[in-house]
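Participant: This structure is in structure tokens; I'll ask about it shortly.
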Amino acid sequence: MYKGKERKGSSSEWRDAFWNPRTHELLGRTASSWGLILLFYLVFYLFLAGMFVLTMYIMLLTLDDYKPTWQDRLATPGMMIHPKGDQLEITFSVSETESWDRFTQTLNTFLSPYNDSYQVQMNDNCPPDQFFIQEDSGEVRNNPKRSCQFNRSMLEECAGISDRFYGYSRGQPCVLIKLNRVIGMLPGKNGQSPYVTCGAKREDGDKLGPLAYYPPNGTFNLMYYPYYGKKAQVNYTQPLVAVKFLNASVNTDINVECKINSNTLEAGSERDKFAGRVSFKLRINHT
Amino acid sequence: MGADRSPKKKKGGTKDMDDLKKEVPITEHKMSIEEVCRKFNTDIVQGLTNAKAAEYLIRDGPNALTPPPTTPEWVKFCRQLFGGFSILLWTGAILCFLAYAIQAATEDEPAGDNLYLGIVLTAVVVITGCFSYFQEAKSSKIMESFKNMVPQQALVIREGEKVTINAEEVVGGDLIEVKGGDRIPADIRVVSAHGCKVDNSSLTGESEPQSRSPDCTHDNPLETRNVAFFSTNCVEGTARGIVICTGDRTVMGRIATLTSGLETGKTPIAKEIEHFIHIITGVAVFLGVTFFILAIILGYSWLEAVIFLIGIIVANVPEGLLATVTVCLTLTAKRMAKKNCLVKNLEAVETLGSTSTICSDKTGTLTQNRMTVAHMWFDNQIHEADTTEDQSGASFDKSSVTWLSLARVAGLCNRAQFKAGQDSLPILKRDVAGDASESALLKCIELSCGSVRAMRDRNKKVAEIPFNSTNKYQLSVHETEDPNDNRYLLVMKGAPERILDRCTTILVQGKEQPMDEELKEAFQNAYMELGGLGERVLGFCHVLLPEDQYPKGFAFDTEDVNFQTDNLCFVGLMSMIDPPRAAVPDAVIMVTGDHPITAKAIAKGVGIISEGNETVEDIAARLNIPVSQVNPRDAKACVVHGTDLKDLSQDQMDDILRNHTEIVFARTSPQQKLIIVEGCQRLGAIVAVTGDGVNDSPALKKADIGVAMGISGSDVSKQAADMILLDDNFASIVTGVEEGRLIFDNLKKSIAYTLTSNIPEITPFLFFIIVNIPLPLGTITILCIDLGTDMVPAISLAYETAESDIMKRQPRNPARDKLVNERLISIAYGQIGMIQALGGFFAYFVILAENGFLPSRLVGIRLNWDDRSTNDLEDSYGQQWTYEQRKIVEFTCHTAFFVSIVVVQWADVIICKTRRNSVFQQGMRNKILIFGLFEETALAAFLSYCPGMDVALRMYPLKPSWWFCAFPYSFLIFVYDEIRKLLLRRNPGGWVERETYY
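Chains as they are written, first to last, in the numbering used here: chain Y, 19 to 305; chain B, 54 to 1051.
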């Protein structure tokens, strides 16, 4: 009725569990048993991988090459500043060159594709204040699509041409503002271009001082829209707005918020601090 | 006596055993009454003085049993709070708080994620802990209803006056009086008695009431007549005695204390769950530590590595599983309670299912507990009566004159009668007032000869001597049916040999013949044959008293018998049996107080000793050789005499248990029962013991599952048992076995189902860490699966019906057949879980791709993706995303991954319904499971679409098409498993079964 358990020392039991010399079992299985089960799992996982690849392939076939299936999460385009600083904090000392040197360096790099010579060579001089629409005619793709020139010189004081330190050396820093690219987005109507306004947040109002926007009024001209995606519109040049802080208070943190003003874009949700607006901290140290 | 007080704290079973085996240390029965009085400073007439009584009460304490030590409630609660997976989850929660504290100390605006997760984890542990605690508390509450503590009263004589006091205040030396119907308040030395009889059944198992008198009749205090024991009942008469032991020092108290001191092991299911927790914890800790180290090597910060660790712990622990198991066990316990099988300890629900041995006595448990007349002997011939429950069996010639005489004797000399108001019921189903054998006779006569009441009315009873153990007969004198016949009819029944002694003639074919040697031998043969069948045989005789000696109106004096009780005419024999139950499990060891011959006969009757199997003695008899020459290995069956048991060594005992498939222990004392239980357990068997007496309590407690009788059981035995049969019906045990096996199977299915979803929960973290993709599944969604959608389907599997006849199966071998084995893990983790993970990942990639992030773009994107200050992250189409925008997409992916797991779990719950059969064979009749499918889907939809969920749980509405991403994988799971089960059925014992049948 009962199969008595054989009493063994626990140490030898453990050793047997790893390698049993009598039955030639490694971890409780013989070589052929291991071989079979590993072969099974190999075949099984290869099959699964095949199935996964197949479903992924079918899914990718359903995608459009030029436009993502869903864009509802991008209803309000994000905004971003350049230079980004460290965690969106632009802190520098006017007197210490190395404290702002990296900002001017990145601005130089960032703006190099905007050089007038390059833009003129690559892009079109489009009629302003109207959308630059290049529709496909049915199945025939109208590619590659052309892009409009955004010349570095349009940023005037902040172009880094007349002042190659972008005002950082004089405590009048320039910050570039860009509106995130969203395929097919039309950010205005009736010829009114969206424009950027900046202000100080909360109690920092009086510290901000006067601002200057380039291009004038801080507009993103309608001719740069719509965007057709990086595959169709290879040379797209993202329009910029430069904000120059002419007389910001020194030695204090200023919380700045810039936002887009448009007659078509929805206001972003309260949760998203970067949809249709951008916040950053500015601190100019001056001794 | 005070010195003999049993120590309260016992270390182990062996010491208890020795203690128990010791003779009961009562010597008072051998002392004269004067000596006893002297010992207790009491007086045989006046009793104790009040002052002395008070002094003794303070010295010895109240006369009550110390209740068994109970675990304080808060300890039980803490056990629930810190047992099982709780430790892992606590670790997770503490790590969360630690991570939050570090963040709070180093960052200006720390993200609350870790704090929330810590709080959620704590809540999960506390809530599941509370849940399990209340479930446990509920089942233990049922027990309290048994403690109907009606304060016992006792009549004591103190300072010469009779006073009624609480039984608790009785002290040693008290002079007390008991009368019929009283419960004896303490162990007493009888001083004087008048027809006093006590029922010792709760103590010794003897059901016959025994008379008490002041004389010492036996050296053994349990056998002598001048001691009456605490908590036994006085059935009739009165007695006066001196209290010699009170409270825990009484014989009953000693057994009760010993019982509560016995340590019991964990239940098999508790061991299984522990084993399973070890596996899961091992995997969790291994993976957690590996990836913690890996994360550090890959250059993640300590904080990130800790957060990964938390994620892996949360993903690895099936948070809801222990609650599911508790619910499943509770459901089964409730189902069993409906069938009159009350389970005291939830975990004991399963134990009966894995029971490999049942130690049972025959009375009422293996048999129908319904005495029935089986055979009759008259006219020198044995006739068979019908014993089947539905009266479909054989019949006999009822026209014989002898039979009519026999029926008249059996009907008249019988004090049993039907209870009123049952005329509509079939005779066999009617309740009878009277003892078992008289009831059997009554029913038999009623069935074959019509109303016994009418017969008794026609033959008015004029005198009666009830059965007693000295006479061993019962007689009554009646008027005859014929009004012209003024003779009296004397009828008598009793032990056949005693009856025969009083007879000089015998009735054959209706004619009285002198009893000659030939007829006597025929009688002897019949008696032996019927006795050999394990039946209780009664003899019947009658005589018509001569009218000249006993004229009408003769005053029959039953006290001082003034009439003829010999020279009677023998009529016949009737034998009764308690028929065996149809469904007695195979592995039953019979432990009985009966004589070996009777025990063997019954064992053969109920199939404990199956046909064709022989004992050593049988072989010896067949081969006509001495018993000593028979090879004991040849005998599969064996009957062991209790007294032999005492002399057996442990090895010999093991040898008997191991080498015989069919064992009967006869004439066993309760102490020996304990030895038998321990012997079986030593051999790795899971032992169930049934019993009702106090003396069975140690065995009940020691057994893996003790089954006590609800009606006939004593309080102490119920206290010691794990399960109580409310209707004393052995068929309930069979139900218990069935339910236990079913719940074990279904728990496997439930666990396989729940564990499967662990893989799609863990893999996202692993890929997140290794390939640096955005996190596909968050910790909150993991908790939603484990504690939300998986719960009802997992519980519904407990309602699954058996796939095959589970009663035909061998009991599971606890060493090999685990609840969670490597095959279950292989299927759940290695196969189905992997398919599920792919389903989830597919949905994840679909959503990201349709939003613009193609898979190629995702690899390595994690650092930028999770950077709050990067708000212009570029996707595959050149669009730019803010942190919040892409996080919404990520959380939508979490939701889709979650929904995909629900979708693949549909298929999983359907394949988990069966382990071998096809779903098409099993059907979808489990309504709870269907409900579960809808419930989890509805819950998933609710979590995804309910407004506010984006803020509360960060779950977002899904586009309808995203629900279908996992459908191919769900379908694959179903097809794959059906094919697997098909191969499994086609090739029994083949590779598929060896590797995948869990």
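From the three backbone atoms N, C-alpha and C, an ideal C-beta is built for every residue, glycine too.
Please list the partners that valine 200(Y) has in chain B, where partner means a Cβ-to-Cβ separation under 7 Å.
Facilitator: Position 182 of the first sequence, counted from the start, is the residue given in the question as residue 200(Y). Chain B residues near valine 200(Y): Gln932.
Participant: Helix or strand or just coil, what does DSSP make of cysteine 412(B)?
Facilitator: Looking up residue 412(B) in the second sequence gives position 359. In this structure, cysteine 412(B) counts as strand in the three-state DSSP scheme.
Participant: Just to confirm, are phenylalanine 818(B) and isoleucine 365(B) a CB contact at a threshold of 9 Å?
Facilitator: The residue labelled residue 818(B) in the question sits at position 765 within the second sequence. The residue labelled residue 365(B) in the question sits at position 312 within the second sequence. Yes, the Cβ-Cβ distance between phenylalanine 818(B) and isoleucine 365(B) is below 9 Å.
Participant: Is leucine 79(Y) close to chain B? Criterion is C-beta to C-beta, closer than 9 Å.
Facilitator: Counting from one through the first sequence, the residue named residue 79(Y) turns up at place 61. No, leucine 79(Y) does not count as interfacial toward chain B.
Participant: Mind pulling the chain Y residues with CB within less than 8 Å of phenylalanine 898(B)?
Facilitator: The residue given as residue 898(B) occupies position 845 in the second sequence. Within 8 Å Cβ-Cβ: Met74, Met77.
Participant: Just to make sure I have the definition right: I need the residues of chain B whose C-beta is within less than 8 Å of the C-beta of glycine 96(Y). Which are they?
Facilitator: Counting from one through the first sequence, the residue named residue 96(Y) turns up at place 78. Correct list: Asn924, Asp925, Gln933, Trp934, Thr935, Gln938.
Participant: Does any CB atom of chain Y fall closer than 9 Å to the CB of arginine 1039(B)?
Facilitator: Locating residue 1039(B) in the second sequence gives position 986, counting from the first residue. No, because no Cβ of chain Y sits closer than 9 Å to the Cβ of arginine 1039(B).
Participant: If you check the beta carbons only, do threonine 533(B) and leucine 597(B) fall under 9 Å apart?
Facilitator: Position 480 of the second sequence, counted from the start, is the residue given in the question as residue 533(B). Position 544 of the second sequence, counted from the start, is the residue given in the question as residue 597(B). In this structure, leucine 597(B) lies closer than 9 Å to threonine 533(B) by Cβ.
Participant: Between asparagine 904(B) and chain Y, is there a C-beta pair that is closer than 9 Å?
Facilitator: Position 851 of the second sequence, counting from 1, holds the residue named residue 904(B). True, the Cβ-Cβ gap to chain Y drops below 9 Å.
Participant: If you follow the alpha helix (DSSP H) that aspartate 768(B) is in, where does it begin and where does it stop?
Facilitator: Taking the first residue of the second sequence as 1, we reach residue 768(B) at position 715. Counting along the chain, the alpha helix (DSSP H) containing aspartate 768(B) begins and ends at 768–773.
Participant: Does the CB of valine 942(B) have a neighbour CB from chain Y at under 9 Å?
Facilitator: Counting from one through the second sequence, the residue named residue 942(B) turns up at place 889. It does: the Cβ of valine 942(B) has a partner Cβ on chain Y nearer than 9 Å.
Participant: Report the neighbours of leucine 106(Y) on chain B: residues whose CB is nearer than 7 Å to its CB, in chain order.
Facilitator: Walking along the first sequence from the start, residue 106(Y) turns up at place 88. Within chain B, the residues near leucine 106(Y) are Ser922.
Participant: Inspect the CB distances between the stretch 944–955 of chain B and the stretch 1007–1023 of chain B and report whether three or more fall short of 8 Å.
Facilitator: yes
Participant: Going by the beta-carbon positions, is the gap between tyrosine 242(Y) and cysteine 166(Y) smaller than 9 Å?
Facilitator: Along the first sequence, read from residue 1 onward, the residue named residue 242(Y) stands at position 224. Along the first sequence, read from residue 1 onward, the residue named residue 166(Y) stands at position 148. For tyrosine 242(Y) and cysteine 166(Y), yes; Cβs fall inside 9 Å.
Participant: Can threonine 305(Y) and serine 130(Y) be called in contact, C-beta distance under 9 Å?
Facilitator: Residue numbering aside, residue 305(Y) sits at position 287 when the first sequence is read from its first letter. Residue numbering aside, residue 130(Y) sits at position 112 when the first sequence is read from its first letter. Against a cut-off of 9 Å, the Cβ pair of serine 130(Y) and threonine 305(Y) comes out as no contact.
Participant: Write down the C-beta distance between valine 89(B) and isoleucine 295(B) rounded to the nearest angstrom, noting that I regard them as a contact closer than 8 Å.
Facilitator: Residue numbering aside, residue 89(B) sits at position 36 when the second sequence is read from its first letter. Residue numbering aside, residue 295(B) sits at position 242 when the second sequence is read from its first letter. Yes, they are in contact, since the Cβ atoms of valine 89(B) and isoleucine 295(B) sit about 5 Å apart, within 8 Å.
Participant: Leaving aside the five residues before and after aspartate 227(B) along the sequence, list all residues of the same chain whose C-beta is less than 6 Å from its C-beta, in chain order.
Facilitator: By one-based count along the second sequence, residue 227(B) stands at place 174. Contacts found: Leu101, Val209, Val296.
Participant: Would you list the one or two residues that DSSP bridges to leucine 229(Y)?
Facilitator: On the first sequence, residue 229(Y) is found 211 positions in, with the first residue counted as 1. According to DSSP, leucine 229(Y) bridges with Phe263(Y).
Participant: Quick one: list the residues of chain Y neighbouring proline 1010(B), beta-carbon separation under 8 Å, in chain order.
Facilitator: In the second sequence, counting from the first residue as 1, residue 1010(B) sits at position 957. Going along chain Y, no residue has its Cβ under 8 Å from proline 1010(B), so there is no contact; the nearest lies around 10 Å.
Participant: Do you know how far the Cα of glutamate 550(B) is from the Cα of valine 454(B)?
Facilitator: Taking the first residue of the second sequence as 1, we reach residue 454(B) at position 401. Taking the first residue of the second sequence as 1, we reach residue 550(B) at position 497. So the alpha carbons of these two residues sit roughly 23 Å apart.
Participant: With DSSP as the reference, please indicate the residues paired to asparagine 521(B) in a beta bridge.
Facilitator: The residue you call residue 521(B) lines up with position 468 of the second sequence. Answer is none; asparagine 521(B) lacks a bridge partner.
Participant: Give the C-beta separation of isoleucine 964(B) and phenylalanine 1020(B) to the nearest angstrom, bearing in mind that I take them to be a contact with Cβ-Cβ under 8 Å.
Facilitator: As a working note, residue 964(B) is residue 911 in the second sequence. As a working note, residue 1020(B) is residue 967 in the second sequence. With 8 Å as the limit, isoleucine 964(B) and phenylalanine 1020(B) do not qualify as a contact, their Cβ atoms being about 15 Å apart.
Participant: Should tyrosine 541(B) go down as buried or exposed, given a rule of 16 or more other Cβ atoms within 10 Å for buried?
Facilitator: Here residue 541(B) refers to the residue found at position 488 of the second sequence. So tyrosine 541(B) ends up on the buried side.
Participant: Can arginine 862(B) and arginine 794(B) be called in contact, C-beta distance under 9 Å?
Facilitator: Here residue 862(B) corresponds to residue number 809 of the second sequence, with the count starting at 1. Here residue 794(B) corresponds to residue number 741 of the second sequence, with the count starting at 1. Yes, they are a contact pair.
Participant: Between the stretch 335–360 of chain B and chain C, which residues of the former have a C-beta closer than 9 Å to a C-beta of the latter?
Facilitator: The structure shown contains no chain C; the protein chains it does contain are Y and B.
Participant: In terms of DSSP beta bridges, what is isoleucine 278(Y) paired with?
Facilitator: Counting from 1 along the first sequence, the entry for residue 278(Y) is found at position 260. Answer is Val214(Y).
Participant: Contact criterion: CB-CB distance below 9 Å. Does glutamine 682(B) meet it with respect to chain Y?
Facilitator: Position 629 of the second sequence holds residue 682(B). Chain Y, which has no Cβ nearer than 9 Å to the Cβ of glutamine 682(B), makes this no.
Participant: Confirm, please, whether the CB-CB distance from glutamine 263(B) to valine 244(B) is below 9 Å.
Facilitator: By 1-based counting over the second sequence, the position of residue 244(B) is 191. By 1-based counting over the second sequence, the position of residue 263(B) is 210. Taking 9 Å as the Cβ cut-off, valine 244(B) and glutamine 263(B) do not qualify as a contacting pair.
Participant: Considering only DSSP beta bridges, list what methionine 860(B) is partnered with.
Facilitator: For the purposes of this step, residue 860(B) is taken as residue 807 along the second sequence, with counting starting at 1. According to DSSP, methionine 860(B) bridges with nothing at all.
Participant: Could one say the Cβ of glycine 883(B) lies closer than 9 Å to chain Y's Cβ atoms, at least one of them?
Facilitator: Your numbering for residue 883(B) matches position 830 in the second sequence. Output row for glycine 883(B): interface = yes.
Participant: Is it the case that the Cβ atoms of isoleucine 662(B) and cysteine 594(B) are separated by a distance below 9 Å?
Facilitator: Along the second sequence, one-based indexing puts residue 662(B) at 609. Along the second sequence, one-based indexing puts residue 594(B) at 541. Not closer than 9 Å, so no.
Participant: Got a sec? Which residues, its chain only, sit under 8 Å from asparagine 208(Y) by beta carbon, not counting five neighbours each side?
Facilitator: As a first step, residue 208(Y) must be located in the first sequence, where it is residue number 190. Excluding positions up to five away in sequence, the list reads Asn281.
Participant: Excluding the five sequence neighbours on either side, which residues of its own chain have a C-beta within less than 8 Å of the C-beta of leucine 1035(B), listed in chain order?
Facilitator: Indexing the second sequence from 1 puts residue 1035(B) at position 982. Here the set comprises Ser971.
Participant: Starting from isoleucine 151(Y) and walking both ways along the beta strand (DSSP E), at which residues does that stretch end?
Facilitator: Locating residue 151(Y) in the first sequence gives position 133, where the first residue counts as 1. First-last for isoleucine 151(Y): undefined, no H or E at that position.
Participant: Ignore the nearest five residues each way along the sequence and tell me which others in alanine 636(B)'s own chain have a CB closer than 6 Å to its CB.
Facilitator: Along the second sequence, one-based indexing puts residue 636(B) at 583. Because alanine 636(B) sits at a pLDDT of 49, beneath the cut-off of 50, its placement in the model cannot be relied upon, and the point is left open.
Participant: On the CB-based measure, 16 or more other CB atoms within 10 Å of its CB, does threonine 809(B) come out buried or exposed?
Facilitator: On the second sequence, residue 809(B) is found 756 positions in, with the first residue counted as 1. It is buried - the Cβ of threonine 809(B) has at least 16 other Cβ atoms within 10 Å.
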